[in-house]
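Sequence positions in the sequence shown follow the working numbering and run 5 to 394.
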Amino acid sequence: MKLNKNYSMLKENYLFAEVANRAKKFAEENPTAEIIKLGIGDVTLPICKAAVEAGKAASEEMGKAETFRGYGPYEGYEFLREKIAAYYARRGVKLDLNEIFVSEGAKNDVTGILDLFAVDNIVLAPDPVYPVYVDSNIMDGRKIIFANGNEQNGFLPLPDKKVKADIIYLCSPNNPTGAAYDKAGLKAWVDYANSLGAVILFDAAYEFFISDDRLPHSIYEIDGAKECAVEICSFSKTAGFTGVRLGYMIIPRRLAGGALNSMWLRRQSTKYNGASYIVQRMGEAVFCEEGMKQIKAGVAAYMKNAALMSDTLTKLGIWHTGGVNSPYIWLKCPGGDSWAFFDRLLSGAGIVGTPGAGFGKMGEGYFRLTAFNTFENTSKAMSRLEKLLK
Ligand code: MLT
5 MKLNKNYSML
15 KENYLFAEVA
25 NRAKKFAEEN
35 PTAEIIKLGI
45 GDVTLPICKA
55 AVEAGKAASE
65 EMGKAETFRG
75 YGPYEGYEFL
85 REKIAAYYAR
95 RGVKLDLNEI
105 FVSEGAKNDV
115 TGILDLFAVD
125 NIVLAPDPVY
135 PVYVDSNIMD
145 GRKIIFANGN
155 EQNGFLPLPD
165 KKVKADIIYL
175 CSPNNPTGAA
185 YDKAGLKAWV
195 DYANSLGAVI
205 LFDAAYEFFI
215 SDDRLPHSIY
225 EIDGAKECAV
235 EICSFSKTAG
245 FTGVRLGYMI
255 IPRRLAGGAL
265 NSMWLRRQST
275 KYNGASYIVQ
285 RMGEAVFCEE
295 GMKQIKAGVA
305 AYMKNAALMS
315 DTLTKLGIWH
325 TGGVNSPYIW
335 LKCPGGDSWA
345 FFDRLLSGAG
355 IVGTPGAGFG
365 KMGEGYFRLT
375 AFNTFENTSK
385 AMSRLEKLLK
């Protein structure tokens, strides 16, 4: 057999695996250290009550012959897709049910959809960038170019018409920087993609964290987006589903004359048997009135952490962004080198964060903290940070 040589082009470890390894090594060498994790964007609040109850009821159904269900529909149960369509309709976005595909999370979708694209497409990704977009294209052997984010453009790069690309990644609110595009920014990308016949893979996993009413939550709030964009969303960060796994992808019928939509169904029916019935019922409950109230409260708790982190950094005179429409705070590293800052924070304050260098060349010199820990731990971490950097 022959191995996929593209893997040799990857960094040895996935970014968050590398962060976890280093934190583990530190913990083993310093068994009394009390480590606070503000690294990977994993949630700490439990699954919302409405979803827990729905999961219990669905388990009971599965345990009785009269209500037991086997394989579900490849594209997800209609009861959940209807709720997703209704959620979009509240923002004036009309979706047909056959444009919605339920999955086991955004990561599966954002990597799985690459099956539909030829290897000789040029991929354009922002830098800094969620490393999954880049690594999965390296694995396939696609050429990747970058749109640079920096302090001058608010980490919201706009398209350069001189540059040609076929597959464009956007994530807004952005992971890692927390910056979110306004409608004009997204319109520029939609127009650019349509002018090239390119596809935008729009990662909306953090849309629920947007607090500024003027900002778009979905790319389909922009005219022309249904002709060029796929949108991917997740229950992980809002409903606490990082360990449960549930997400969905929208593939409009108007995109590529319906080809991507039907190819995805063909792909899913071959490679995938759907998210479990129990989990889809839990997802359905998230969209009910009680569920929405509960996840709003959870997000508000995380945003309180973000505000505390932002206040602390302001007090310390450290440049930072994010945290207003996003659970991520993106800060400028005192001292510049982001892995050195990682070590300093870990050894000096027992805090695990994520070095900006792990998100690309433009991320070097910056650092990401997440607001997903508890308020107690976040407060403790911020006091330690103040002591360390004062
Ligand atoms: C992150 O920390 O960037 C995310 O947790 C990664 C993910 O959602 O896969």
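C-beta: ideal position from N, C-alpha, C; glycine also. Note that this is a predicted model, so its numbers are computed, not measured.
Closest in C-alpha terms to G145, from the list E57, V123, F72 and A151, comes V123.
Segment contact: the segment 158 to 174 against the segment 244 to 259, fewer than three CB-CB distances shorter than 8 Å; contact not assigned. Contact between the segment 301 to 313 and the segment 209 to 219 is present: 3 or more CB-CB pairs across the two stretches fall below 8 Å. In the three-state scheme derived from DSSP, where H, G and I count as helix and E and B as strand, E235 is classed as strand.
Your pair E103 and P256 checks out as a contact, with CB atoms roughly 5 Å apart and the cut at 8 Å. No Cβ-Cβ contact shorter than 9 Å links N112 with G278. In the DSSP assignment, I254 falls within the unbroken beta strand (DSSP E) covering G251 to I254. Excluding the 5 residues flanking it on each side, G340 has same chain C-beta neighbours closer than 6 Å at G369, in chain order.
Rounded to whole angstroms, the Cβ separation of P180 and T358 is 7 Å, and the two are in contact under 8 Å. Comparing C-alpha distances from P35 to each of E390, G362, S351 and K384 shows the shortest one belongs to S351. Sixteen is the threshold: since fewer than 16 other Cβ atoms of the shown chains lie within 10 Å of the Cβ of S387, the residue is exposed. The DSSP-derived three-state label of D131 is strand. Within the segment 265 to 323, complete alpha helix (DSSP H) segments of at least 4 residues are found at 281 to 290 and 293 to 319, given in chain order. Just so you know, the alpha carbons of A233 and A301 end up roughly 31 Å apart.
Contact check between the segment 148 to 164 and the segment 319 to 336: three or more CB pairs, one atom from each, fall below 8 Å, which counts as touching. At a threshold of 8 Å, N179 counts as near the ligand MLT, since its beta carbon sits closer than that to one of the ligand's heavy atoms. Judged by DSSP in its simplified three-state form, A151 adopts strand.
The beta-bridge partner set that DSSP reports for Y75 is empty. Secondary structure of F379 (DSSP, three-state): helix.
The C-beta of F206 has 16 or more other C-beta atoms within 10 Å across all chains shown, which makes the residue buried. Comparing alpha carbon positions, the residue from A69, T316 and Y92 closest to K394 is T316.
About 6 Å separates the beta carbon of F150 from that of A129, a gap short enough to meet the 8 Å contact definition.
The C-beta distance from N265 to M143 rounds to 24 Å, too long to meet the 8 Å contact threshold. For V127, the CB contacts under 6 Å within the same chain, skipping 5 residues up- and downstream, are N141, R146, I148 and I171 in chain order. Secondary structure at F83: helix, using DSSP grouped into helix, strand and coil.
If you check the C-beta of S383 against the ligand MLT, you find no heavy atom less than 8 Å away. About 4 Å separates the CB atoms of G43 and V356; that is less than 8 Å, so the two are in contact.
Contiguous alpha helix (DSSP H) elements confined to the segment 131 to 216 occur at 135 to 144 and 187 to 200, taking only those with 4 or more residues. The beta-carbon distance between L162 and A192, rounded to whole angstroms, is 5 Å. This is short enough to meet the 8 Å contact definition. Excluding residues up to 5 positions away in sequence, A55, A58 and G59 lie with their Cβ nearer than 6 Å to the Cβ of M286 in the same chain. When the Cα atoms are used, I88 and A344 turn out to be separated by approximately 43 Å. By the C-beta density criterion, F72 is exposed, having fewer than 16 other C-beta atoms within 10 angstroms. Assignment of T325 by DSSP, reduced to helix, strand and coil, places it in the strand class. In the three-state reduction of the DSSP assignment, R95 falls in the coil class, being assigned neither a helical nor a strand state. Following the DSSP letters along the chain, one finds L19 inside the alpha helix (DSSP H) bounded by residues L19 to E33. Counting the other CB atoms within 10 Å of its CB gives M5 a total below 16, which places it among the exposed residues.
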